[in-house]
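Everything below concerns the one structure shown next.
Numbering (the numbering used here), first residue to last: 1 to 195.
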């Protein structure tokens, strides 16, 4: 059974660390592909700045030329609040899925709706992030043990870049060179986003 990586997020906007993480997972974990899944309406976050269509378009621009990376618009097409378990239920069942997340997301994983079912259904691969220790919350660690599963560590050189930092720089008219793929930066400028 082929293994497919899933990288969900608001991608508001997609930046170089998102793409580097996806490429790293593709190679390190021996995945057939990595699907980047833009959230429609992430229920644990503040309102998004770019529309769903704009975020999907930016993702398409960011992955152009990166073999093995695809955009899966399943959550945007479904609309409404974005819950990971709903997405997993809707995916084809002909693959084994690996959910990619940062250590910061791991820390609040047990606040996700139906988190036990998610952890039973997919493998979890965790990339380290600056200032965040790589350790599962006790409830998740116990659940994984009971399932005979374990976290997969994704060795990833931390990149100090975040979407909020990119938005702040754009709002202040500062350079985002090295933080965004050139076509994404051009799209943001053309559509006057994050100003």
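Note that the Cβ used here is the ideal one computed from N, Cα and C, for glycine as well.
Fair warning: this is a prediction, and the values are worked out from it, not measured in the lab.
Sub-7 Å separation of residue i and residue j beta-carbons
i           : j           : result
residue 118 : residue 87  : no
residue 76  : residue 42  : no
residue 127 : residue 21  : yes
residue 70  : residue 33  : yes
residue 154 : residue 25  : yes
residue 89  : residue 1   : no
residue 58  : residue 187 : yes
residue 136 : residue 151 : yes
residue 48  : residue 7   : no
residue 50  : residue 82  : no
residue 166 : residue 61  : no
residue 180 : residue 18  : no
residue 11  : residue 78  : no
Three-state secondary structure assigned by DSSP to residue i
i           : result
residue 8   : strand
residue 104 : helix
residue 221 : Residue 221 lies beyond the range of the chain shown here (1 to 195); nothing can be said about it.
residue 190 : helix
residue 124 : strand
residue 36  : strand
residue 21  : helix
residue 26  : helix
Beta-bridge pairing of residue i - partner residues as DSSP gives them
i         : result
residue 3 : 96
Run through the stretch 134-183 for me and flag every whole beta strand (DSSP E) of 3 or more residues, listed as ranges in chain order.
152-154
Ranges of the alpha helix (DSSP H) found wholly within the stretch 43-115, counting only runs of at least 4:
Listed in chain order, the complete alpha helix (DSSP H) runs (minimum 4 residues) inside the stretch 43-115 are 52-63, 74-78, 84-90, 103-107.
Assess, as a yes-or-no matter, whether the stretch 96-109 is touched by the stretch 60-67 under the definition of 3 or more beta carbon pairs within less than 8 Å.
no
Evaluate contact between the stretch 144-153 and the stretch 161-177, counting only Cβ atoms and requiring at least three cross-stretch pairs below 8 Å.
no
Three or more C-beta pairs below 8 Å linking the stretch 25-38 and the stretch 161-169
no
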